[in-house]
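In the working numbering, the protein residues as written are 3 to 164.
Beta carbons: idealized from backbone N, C-alpha and C, even for Gly.
Note that the structure is a prediction, hence the values are computed from the model and not measured.
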């Protein structure tokens, strides 16, 4: 049996509040990253070029698609509709970002802008980026677990049950 310092009702309410906090945090994060990329899709395509992973002809469509996926994911998370699935989608996306960061560092690529925030915040790729991506993935996993625990919570944008 797990012992808590808080009475059971308080613990339950604290977990529900944590769900909302993570929902807002992750939603804002994906909204911000998508905005930074959508402000300069061509610039983001140039960032993708530095990863040396994709054929040049595909860079602009990939940049636009990834930016729109992040935007739609942020709105989906905010809505609360099927939050378990949107949180799982965020986990999968961040696992991919983490894998690309690890591979890029192992290849010794010098990437002056990781592209995480598009034109809003140019930061070089480093092992610190890997740690950040890993931590963000962990936060998304926690959101997923809380969303499974509280499947009927209301959305932040439309105020209806998921």
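Inset, instruction - Report the residue from 101, 111 and 77 whose alpha carbon sits nearest the alpha carbon of residue 28. - result: Checking every option, the nearest Cα to that of residue 28 belongs to 77.
Legend entry - Rounded separation between residue 81 and residue 135 - CA only: Distance between the alpha carbons of residue 81 and residue 135: 24 Å.
Legend entry - Limits of the unbroken alpha helix (DSSP H) element including residue 86: Here the alpha helix (DSSP H) through residue 86 covers 85-108.
Inset, instruction - Whole angstroms is fine: what's the gap from residue 140's alpha carbon to residue 148's? - result: A direct Cα-Cα distance of roughly 12 Å separates residue 140 from residue 148.
Legend entry - Where residue 127 falls, given that 16 or more other Cβ within 10 Å makes a residue buried: With 16 or more other Cβ atoms within 10 Å, it is buried.
Legend entry - For residue 67 and residue 55, the rounded distance between their alpha carbons: If you draw a straight line from the Cα of residue 55 to the Cα of residue 67, it is about 16 Å long.
Inset, instruction - Take residue 71 and list the residues in its own chain whose beta-carbon comes closer than 7 Å to its own, dropping the five residues that flank it on each side. - result: In the same chain as residue 71, and ignoring 5 residues on each side of it, no C-beta atom comes closer than 7 Å to its own.
Inset, instruction - Go ahead and label residue 58 buried or exposed: buried means 16 or more other beta carbons lie within 10 angstroms of its beta carbon, across all protein chains shown. - result: Exposed, because fewer than 16 other Cβ atoms sit within 10 Å of the Cβ of residue 58.
Legend entry - Secondary structure of residue 130, DSSP reduced to three states: For residue 130, the three-state secondary structure derived from DSSP is helix.
Inset, instruction - Within the same chain, show all residues whose beta-carbon is closer than 7 Å to that of residue 61, passing over the 5 residues directly before and after it, in chain order. - result: Sequence-distant partners of residue 61 (beyond 5 residues in either direction) whose C-beta falls short of 7 Å from its own C-beta, in its chain, are 47, 50 and 51.
Inset, instruction - Report buried or exposed for residue 19, applying the criterion of at least 16 other Cβ atoms within 10 angstroms of its Cβ. - result: Under the 10 Å beta carbon count, residue 19 is surrounded by fewer than 16 other beta carbons and is classified as exposed.
Inset, instruction - Assign residue 96 to one of two classes, buried (16 or more other C-beta atoms within 10 Å of its C-beta) or exposed (fewer than that). - result: Residue environment for residue 96: buried (at least 16 other C-beta atoms within 10 angstroms of its C-beta).
Legend entry - Whether residue 131 touches residue 116 by CB criterion (8 Å): Contact: yes.
Inset, instruction - Kindly indicate which residue of 144, 120, 109 and 86 has the alpha-carbon position closest to the one of residue 24. - result: The candidate whose alpha carbon is nearest that of residue 24 is 144.
Inset, instruction - Alpha carbon to alpha carbon, how far is residue 75 from residue 113? Give it in angstroms, no decimals. - result: About 26 Å.
Inset, instruction - Would you decide whether residue 89 is buried or exposed? Buried here means 16 or more other CB atoms lie within 10 Å of its CB. - result: The residue is buried, with at least 16 neighbouring Cβ atoms inside 10 Å.
Inset, instruction - Whole angstroms is fine: what's the gap from residue 36's alpha carbon to residue 43's? - result: In this structure, the straight-line span from the alpha carbon of residue 36 to that of residue 43 is close to 10 Å.
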